[in-house]
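Protein chains in written order, with the numbering used here: chain A, -1 to 29; chain B, 21 to 439.
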């Protein structure tokens, strides 16, 4: 499988929405 | 970062490395009725209390990459051997032998949060892991073995809120799907066992305890593993906070409060901080892609394309769909199908051709020597996911920097197209 690893996730806010079955990304999430 | 245009970042070469002191995020961690936030730090950076006094050695870059490869192998193994098949019963407490028919994943998972456990509560730093289901910590009396951890080892006998789970309980039986290993039974108490892909493992009593995230958000009777035989690469942390999709994960156990919604931000370097939030956050700037059905155990993600320097690479959609994809908080380096990685590497090398290349670092084969540069220009890299979502990687996510003379593109190819 392809795996989106944690180096590439840096500073993105990564959202997990189980009930809606979706994953989201927002730039500049840490600041 | 000095400058940015549509297609590249210009950065100071020195910014590729963490500073020696911790700089906390400027983001205010606000808590309210709907959400609770914890600070996230890198296990081995200056923001981590596990790193103070440096009594526990950090792994080398090569060790980190080797551990990461073990983690990826165990993910592949788990996908090809779903954990519902059961297996031989486990030898517990009196032995270190547990079945290795598949592997849970640990590798170099390296971001930690601090939670409170028990009554009175004891602070414990746990690795948070979206590919683990069970939350566990080392417990006294460490009947067989405990590895070195920075904080005091949790002692259930000193907590008024600890309870053992009985072997006859249905929740004990459900350990098979969450751990890949059928439960054991000692003196009528349920025993869990988890073996990780790199050979690390934890075995102990399955119990319930009060877990406190913040002074206003505490949960009674959270199922967790109280480890009596713990060995492996946990880097001084007290255990794992399992954020996977199984019904025993912390996310599922707190669904009544947070509805299985959580988010996190991993900091740009080990000398800064991020956060882990349970419950609804502000998502107005977020782009969403559907969770794919690659596996019930992982958060599946459908990759559809890659752009480098503003140009979308010519990669057939079938290259990504052949094996599927997932997102993982614990895998360090993004893995791509061989054809996708080749295209990314070729384009990146072309746009970076003004810089001298140097020797490979373990699984990373595109490395540069920036010794003679004070600033560098780095092409932007973007990922496309199903639903037309494009996510630009931050410049901190492009390289894995070992030293100024060996800074490597932080992507790797899988061995086979079907991996």
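Idealized CB from N, CA, C, for every residue including glycine.
Bear in mind the structure is a predicted one, so any value in this text is a computation, not a measurement.
Where the alpha helix (DSSP H) containing residue i begins and where it ends
i	result
residue 92 of chain B	81 to 100
residue 22 of chain B	Careful: residue 22 of chain B lies outside any alpha helix (DSSP H) and carries neither H nor E.
residue 197 of chain B	195 to 199
residue 277 of chain B	275 to 278
residue 6 of chain A	4 to 7
residue 370 of chain B	358 to 371
residue 440 of chain B	Look at the range of chain B in this structure, 21 to 439, and you will see that residue 440 of chain B is not part of it.
Neighbour-count burial assignment, residue i, 16 or more Cβ in a 10 Å radius
i	result
residue 26 of chain A	exposed
residue 38 of chain B	buried
residue 334 of chain B	exposed
residue 22 of chain B	exposed
residue 72 of chain B	exposed
residue 36 of chain B	buried
residue 158 of chain B	buried
residue 420 of chain B	buried
residue 434 of chain B	buried
residue 172 of chain B	exposed
residue 96 of chain B	buried
residue 45 of chain B	buried
residue 110 of chain B	Only weak support is given to the placement of residue 110 of chain B: the predicted model assigns it a pLDDT of 41, under 50, and the question is left unresolved by the model.
residue 200 of chain B	buried
residue 422 of chain B	buried
residue 122 of chain B	Bear in mind that a pLDDT of 38 at residue 122 of chain B, under 50, signals an unreliable position, so the model cannot answer this.
residue 304 of chain B	exposed
residue 240 of chain B	exposed
residue 116 of chain B	Unreliable positioning characterises residue 116 of chain B in this predicted model, as indicated by a pLDDT of 33, which lies under 50. The coordinate reading is nonetheless provided below. That one is exposed.
residue 17 of chain A	exposed
residue 407 of chain B	exposed
residue 108 of chain B	Its pLDDT being 38, under 50, residue 108 of chain B is placed unreliably by the model, and nothing is read from it.
residue 54 of chain B	exposed
Span of the beta strand (DSSP E) around residue i
i	result
residue 222 of chain B	221 to 234
residue 249 of chain B	237 to 251
residue 290 of chain B	Looking at the DSSP string, residue 290 of chain B is not in any beta strand (DSSP E), and its letter there is neither H nor E.
residue 421 of chain B	419 to 423
residue 428 of chain B	426 to 429
residue 136 of chain B	131 to 137
residue 61 of chain B	55 to 62
residue 30 of chain B	28 to 32
Chain C contact residues for residue i, given Cβ-Cβ distances below 8 Å
i	result
residue 284 of chain B	In the displayed structure, chain C is absent; the protein chains listed are A and B.
Proximal residues of chain A, C-beta to C-beta of residue i below 8 Å
i	result
residue 306 of chain B	11, 13, 22, 23 and 24
residue 436 of chain B	Simply none; closest approach about 11 Å.
residue 343 of chain B	-1 and 0
residue 96 of chain B	-1
residue 301 of chain B	11 and 13
Under 8 Å between C-beta atoms of residue i and residue j
i	j	result
residue 9 of chain A	residue 285 of chain B	yes
residue 319 of chain B	residue 346 of chain B	yes
residue 391 of chain B	residue 424 of chain B	yes
residue 308 of chain B	residue 12 of chain A	no
residue 444 of chain B	residue 386 of chain B	Because residue 444 of chain B is not part of the residues shown, which for chain B are 21 to 439, the question remains open.
residue 141 of chain B	residue 257 of chain B	no
residue 227 of chain B	residue 182 of chain B	yes
residue 268 of chain B	residue 198 of chain B	yes
residue 312 of chain B	residue 283 of chain B	no
residue 252 of chain B	residue 218 of chain B	yes
residue 229 of chain B	residue 179 of chain B	yes
residue 33 of chain B	residue 5 of chain A	no
residue 26 of chain B	residue 325 of chain B	no
residue 328 of chain B	residue 401 of chain B	yes
residue 65 of chain B	residue 291 of chain B	yes
residue 415 of chain B	residue 403 of chain B	no
residue 439 of chain B	residue -1 of chain A	yes
residue 427 of chain B	residue 393 of chain B	no
residue 271 of chain B	residue 280 of chain B	yes
residue 208 of chain B	residue 193 of chain B	no
residue 163 of chain B	residue 250 of chain B	no
residue 260 of chain B	residue 146 of chain B	yes
Contact list for residue i against chain A, beta-carbon separation under 9 Å
i	result
residue 135 of chain B	In chain order: nothing, as chain A lies at least about 18 Å away.
residue 340 of chain B	0
residue 416 of chain B	5, 8 and 9
Within chain A, the residues that residue i reaches when beta carbons sit closer than 7 Å
i	result
residue 349 of chain B	4
residue 45 of chain B	28 and 29
residue 14 of chain B	The shown model of chain B, from 21 to 439, leaves out residue 14 of chain B, and the question about it has no answer.
residue 264 of chain B	Residues of chain A passing the Cβ test: none, with the nearest at roughly 11 Å.
| said: Can you confirm whether the stretch 147 to 154 of chain B touches the stretch 338 to 350 of chain B when touching is taken to mean that 3 or more C-beta pairs between the two stretches lie within less than 8 Å? | reply: yes
Would you be able to state if there are at least three C-beta pairs under 8 Å between the stretch 234 to 243 of chain B and the stretch 44 to 63 of chain B?
Segment contact: the stretch 44 to 63 of chain B against the stretch 234 to 243 of chain B, three or more CB-CB distances shorter than 8 Å; contact assigned.
With three or more beta-carbon pairs closer than 8 Å as the criterion, would you say the stretch 294 to 313 of chain B touches the stretch 375 to 382 of chain B?
no
### Message
Across the stretch 314 to 333 of chain B and the stretch 83 to 90 of chain B, are there enough close Cβ pairs to call them in contact, namely three or more that are closer than 8 Å?
### Response
no
**Study point:** Any 3 or more C-beta pairs closer than 8 Å across the stretch 210 to 219 of chain B and the stretch 244 to 252 of chain B
**Key:** The stretch 210 to 219 of chain B vs the stretch 244 to 252 of chain B: in contact.
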